[in-house]
């Protein structure tokens with residue numbers, strides 16, 4: 004009887020450990036349902052959004068303030084339109100704020116960083132961040148470096 008109780012205890016302990024790992028994996032991946040807070044939408048247009056994904060985080064001063072909810076191609080300007088869902092606690096962003104696509108580490112995940120401007124007028128729900136900085140593509144940098152090196156050697 005004591006052996007069976009020990010086996011059931013070990014089984015429950017393993018089940019709790021597996022559930023904890025599953026919950027941790029869901030939270031890290033961004034798939035876990037989070038408490039719905041009041042949010043508002045902003046749009047930003049980028050020339051190149053290589054590597055940015057839906058559910059990527061939006062940060063300001065290193066603090067996560069929202070996430071990317073949609074990435075589309077704007078048919079009029081042929082640029083990438085990113086829909087940002089930001090928390091209401093940061094509803095005081097000036098209209099001249101800047102959105103940049105940044106990389107966590109050298110080859111890490113892409114996210115959007117917002118730098119605050121100095122205008123008195125504020126962005127409203129459905130507003131657009133006009134000042135944007137596109138994603139830095141490592142392959143483009145390597146190609147420019149190689150072409151620059153080759154052209155210097157040819158002279």
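Residue numbers (the working numbering): 4 to 158. For each residue, glycine too, the CB sits at the ideal point set by N, CA and C. Nothing here was measured: the structure is a model prediction, and the numbers come from that model.
Residue 12 and residue 23 have their C-alpha atoms spaced approximately 17 angstroms apart. Straight across, the Cα-Cα distance linking residue 150 with residue 51 is about 21 angstroms. DSSP, reduced to helix, strand and coil, places residue 126 outside both helices and strands of the structure shown, so it counts as coil. Restricting attention to 141, 135 and 100, the CA atom closest to the CA of residue 124 is found in 100. Approximately 19 angstroms separates the beta-carbon atoms of residue 68 and residue 31; this is outside 8 angstroms, ruling out the contact.
Residue 115 and residue 73 have their C-alpha atoms roughly 13 angstroms apart. The Cβ-Cβ distance between residue 66 and residue 55 does not fall below 8 angstroms.
Annotation note: the stretch 22-109 contains no uninterrupted alpha helix (DSSP H) run of length 4 or greater. In this structure, the beta-carbon distance from residue 88 to residue 135 does not fall below 8 angstroms. Distance check between residue 97 and each of 121, 103 and 49 places 121 closest, using alpha-carbon atoms only. Per the C-alpha coordinates, the member of 143, 10, 141 and 46 positioned closest to residue 82 is 46. A distance below 6 angstroms between beta-carbons, with the five flanking residues on each side excluded, links residue 118 to the following residues of its chain, in chain order: 101.
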